[in-house]
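The numbers in the sequence shown follow the numbering used here, run straight up by one, and end at 206. Each remark here refers to the structure printed beneath this line.
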Amino acid sequence: MKKIITSLLFLPIVSQANVNLEVQLLDLFQSNGTLITAGSKGILVASTTDSVFGQSDALLGLNLTVGSIFAGDDVVVGVMSASALDTNRGFADSVVVPYSGNLGEGDKLAFYWFPDISGSTVVGGSSYGFYRSDSIDSGAGGTVAFIAPATGSALTLAYYDTANGGMATKPEFTASLTVPVPEPSTYALMGLGLVVVGLMARRKKV
Ligand SMILES: [Ca+2]
């Protein structure tokens, strides 16, 4: 009983374990160098146990919703749609991130954008861009890092390309990476896996 009361007392503190992350990434480009279209998707991701972010086929099939996990420990903490911002095009949104489990202060953050995707799943053949920095002049004054801030605080990640007075160059802001299309052998393996799971489920029933 004492334990339950103690946990109840701690509940309000847990609910305050939020951070506000404001993202302003202006002038992001498609793989062909033209500006991204309005409505294309971007995600803010936290790597919760290591400093490595999943790339390439780790993104295949990823659901672009808050809480999705890929590459073992990378968690989607914000989902955004690109919009027209003055004469630029990019992402401007603020997200509230509750810290819990492995997700917390000091986690590295990164931003991915998917110019070809307007739905909610990453499919093979999609191009994407990846951006993060541990120390860069945002163009808005001061140096900011893509690192999850202390509980209860706010962080603005405002990054512009050099054309807008920022420090990011066009190649950094271009979706030059590609999610590979799964090979037929991968599908075969996946099918085999399903058959095995099906057989195991069947055996359990008997
Ligand atoms: Ca990771």
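The beta carbon of each residue, even a glycine, is placed where N, CA and C say it ideally should be. None of these values were measured; they are calculated from a predicted model.
- Within the same chain, Cβ atoms closer than 6 Å to the Cβ of Met80 are found at Gly42, Phe91 and Asp93, the five residues on either side in sequence being excluded.
- Following the DSSP letters along the chain, one finds Phe130 inside the beta strand (DSSP E) bounded by residues Ser127 to Tyr131.
- For Leu21 against Leu155, the beta-carbon gap comes to about 5 Å, under 8 Å, which counts as contact.
- Taking a contact as a CB-CB distance under 8 Å, the pair Pro115 and Ser40 counts as one, their CB atoms being some 5 Å apart.
- In chain order, the residues positioned with their C-beta nearer than 6 Å to some heavy atom of ligand 1 are Ser47, Asp50, Val52, Phe53, Ala71, Asp73 and Asp74.
- Out of Tyr159, Leu177, Ala201 and Ile147, the CA that lies nearest to the CA of Val97 is found in Ile147.
- Gln24: member of the beta strand (DSSP E) spanning Asn18 to Leu26, first to last residue.
- Between Ala158 and Gln30, the CB-CB gap reaches or exceeds 9 Å.
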